[in-house]
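Asker: Dropping a structure here in structure tokens format, bear with me for questions.
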């Protein structure tokens with residue numbers, strides 16, 4: 023799965039997600055990626071989210087909208103992403119990852135799997151990583 | 002407002018032999034999206050362009066490099082959402098286009114619907130003159146090998162779960 027969230031110069035937010043699914047999936051099986059509220063959500067007043075991981079678990083939690091709802095209640099983006107993925111892990115035993123931008127332009131990401139490739143571009147600085155706690159930075 | 006972009010690839014046990022390509026893929030997508038935003042482009046244009054790059058990069062499970070299903074076929078899903086209007090578009094189980102995210106955006110902008118699936122999604126792609134590609138062109142050697150491994154051991158997995166399943170119970174999109 024791949025995804026992107028962006029905020030433009032007008033403060034508008036958009037999110038997108040795309041996937042090929044899982045090897046050997048049942049014909050006709052659909053995961054979270056095309057389901058608004060599960061794999062993807064965006065609302066300018068709160069933020070935007072794109073998710074990856076075990077699709078069925080993400081659907082059960084409505085992960086993208088869950089993260090948005092936590093932010094709507096006042097939680098910071100990073101905390102909302104982490105708490106939501108922990109909920110998914112504890113409640114339905116699912117692992118995954120998510121990226122997020124809040125309405126104030128705060129980027130966030132987290133994953134509960136072994137690895138997830140991520141990148142953030144903001145203020146002409148590009149940061150990226152793959153392993154837990156890995157963070158590289160370069161000037162754009 | 003300061004433009005911001007965040008990108009992700011798949012969350013899973015990414016093998017070491019594709020770790021650098023995965024890092025480079027998300028960096029390239031972030032750079033492209035950020036460049037669009039810095040030149041006054043919209044958030045929608047930025048996320049679509051970023052995902053197109055990732056769909057075209059074979060190490061990611063989307064577009065070229067998609068996993069094969071139980072029948073050995075490709076079925077891809079994608080969605081896009083505009084946070085200003087709350088318009089959304091999505092496609093599921095599409096097989097014969099290179100960039101499902103572009104078709105999802107067409108669903109959002111050219112229909113009253115949020116999600117088109119399977120044959121209907123492919124018919125819509127034809128209506129929109131989206132170039133049709135041979136699905137085999139989206140299959141990589143690595144995905145084919147993974148599917149062949151799945152086929153080889155599927156019966157063992159089925160036995161383990163008392164023949165109650167026809168696909169792996171775990172795994173990540």
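Chains as they are written, first to last, in the working numbering: chain C, 23 to 162; chain B, 2 to 174. Even glycine gets a Cβ: it sits at the ideal position worked out from N, Cα and C. Owing to the predicted nature of the structure, the values given are computational and were not obtained by experimental measurement.
#1: Using a Cβ-Cβ cut-off of less than 7 Å, list which residues of the segment 64–92 of chain C approach chain B; keep chain order.
#2: Quickly, what does DSSP pair residue 140 of chain C with across the bridge? List them, please.
#3: Would residue 154 of chain B be called buried (16 or more neighbouring beta carbons within 10 Å of its own) or exposed?
#4: Whose CA, out of C:119, C:40 and C:147, lies closest to the CA of residue 93 of chain B?
#5: How about residue 77 of chain B: is its C-beta nearer than 8 Å to some C-beta of chain C?
#6: Can you round the beta-carbon distance between residue 24 of chain C and residue 9 of chain B to whole angstroms, since I take them to be within the 8 Å contact cut?
#7: Going straight from the alpha carbon of residue 84 of chain B to that of residue 156 of chain B, what length do you get?
#8: Give the residues of chain C in contact with residue 114 of chain B, contact being defined as C-beta atoms less than 7 Å apart.
#9: Who are residue 161 of chain C's beta bridge partners in DSSP?
#10: Below 7 Å on C-beta distance, what does residue 144 of chain C contact in chain B?
#11: Would you mind telling me which residues of chain B sit closer than 7 Å to residue 32 of chain C, beta carbon to beta carbon, in chain order?
#12: I'd like to know if the segment 67–74 of chain C and the segment 112–132 of chain C are in contact, where contact means that at least 3 CB-CB pairs between them fall below 8 Å.
#13: Starting from residue 37 of chain B, trace the alpha helix (DSSP H) in both directions and tell me its first and last residue.
Answerer: Let me lay it out:
#1: 64, 65, 66, 70, 72, 74, 75, 76 and 77
#2: C:151 and B:9
#3: exposed
#4: C:40
#5: yes
#6: 7 Å
#7: 45 Å
#8: None at all; the shortest Cβ gap to chain C is about 12 Å.
#9: C:147
#10: 3 and 5
#11: 2
#12: yes
#13: 20–39
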